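Letter by letter, the sequence shown follows residues 35 to 193 of the numbering used here. Here the structure is laid out as structure tokens; the discussion comes afterwards.
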Amino acid sequence: MAEPITLDTVRAGKLRDAGHLNYGKRGGGTIWQHTTIPRLSAIDRPTLNDEETKRLGVSRLREWSVDGGRAGSLEDAIAALNVPAVLTEEERVILDRVPDDWVELHDFRTRLGEELGRQIGTTILMLRQKGFVENELRPAEPRSKPWIRRAPSAGGARG
């Protein structure tokens, strides 16, 4: 059994920039993903309105999420991280086909989507948020192409 995740475990890693959101006139938000706990992410967003800003005393909020779903406070997120991620049947079908070695994401997604007769991009995103796959701009040139592989920690998740 894996060691429980604690506040110290979270603090031992860092958050990396994983994207940006547009909140219109209120400004932009930043999506963060934890570097050592891929299931943990956060969004820093502007408050929704002047009343919220005044009530909370801040102009930006951090919203924590685990496995792609809202977790509330960091304490709630840590509790959720200590429960194993659950795969849907649709996610398991895709995960069973993700290779252990890096492959180009576009080619993989196109080929598998055609084979299954449906779009699979959202399912890949959910697998990434649950820590079962990694997709990054790597490992070959040009680095502008995203690649995907099964996360090394997901080895036992094969159906």
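From the three backbone atoms N, C-alpha and C, an ideal C-beta is built for every residue, glycine too. Here the structure is a predicted model, which means the values were calculated and not measured.
Inter-residue spacing [alpha-carbon to alpha-carbon] between residue i and residue j
| i | j | result |
| --- | --- | --- |
| Asp135 | Glu109 | 35 angstroms |
| Ile39 | Pro118 | 11 angstroms |
| Ser107 | Leu74 | 12 angstroms |
| Leu139 | Glu85 | 43 angstroms |
| Asp42 | Leu121 | 27 angstroms |
| Glu149 | Val44 | 39 angstroms |
When the options are compared against residue i, the one with the closest alpha-carbon
| i | options | result |
| --- | --- | --- |
| Ile128 | Gly103, Ile71, Val100 and Leu159 | Leu159 |
| Tyr57 | Asp101, Leu95 and Thr43 | Leu95 |
| Gly151 | Asn116, Glu124 and Ala113 | Glu124 |
| Gly103 | Gln67, Asp42, Gln163 and Ser187 | Gln163 |
| Ala36 | Asp78, Glu149, Leu115 and Ala52 | Leu115 |
| Ala52 | Val44, Arg60, Pro72 and Lys59 | Pro72 |
Spatial neighbours of residue i in its chain, beta-carbon cut-off 8 angstroms, leaving aside the 5 residues before and after
| i | result |
| --- | --- |
| Leu171 | Arg177, Ser178, Lys179, Pro180 and Trp181 |
| His54 | Gly62, Gly63, Thr64 and Ile65 |
| Thr69 | Gly47, Lys48, Leu49 and Arg50 |
| Ala188 | Leu129, Gly165, Phe166 and Val167 |
| Val92 | Thr81 |
| Ile77 | Leu55, Gly63, Thr64, Ile65, Trp66, Arg96, Glu97 and Ser99 |
Cut-off 6 angstroms between Cβ atoms - residues of its own chain near residue i, not counting five sequence neighbours on either side
| i | result |
| --- | --- |
| Glu168 | Arg183 and Ala185 |
| Ala105 | Trp98, Ser99, Ala111 and Ala114 |
Same chain, Cβ closer than 7 angstroms to residue i, five either side skipped, listed in chain order
| i | result |
| --- | --- |
| Gly193 | With a pLDDT of only 45 at Gly193, under 50, the local geometry of the prediction cannot be trusted, and no value is derived from it. |
| Gln153 | Gly147 |
Opening and closing residue of the alpha helix (DSSP H) in which residue i lies
| i | result |
| --- | --- |
| Arg126 | Glu123 to Leu129 |
Where the beta strand (DSSP E) containing residue i begins and where it ends
| i | result |
| --- | --- |
| Thr87 | Looking at the DSSP string, Thr87 is not in any beta strand (DSSP E); the run it does join, the alpha helix (DSSP H), is Asp84 to Leu90. |
| Ala113 | It is not in any beta strand (DSSP E) - Ala113 instead sits in the alpha helix (DSSP H) that spans Leu108 to Leu115. |
The segment 132–146 contacting the segment 45–59, beta-carbon criterion three pairs below 8 angstroms: Put simply, the segment 132–146 does not touch the segment 45–59. Fewer than three CB pairs are less than 8 angstroms apart.
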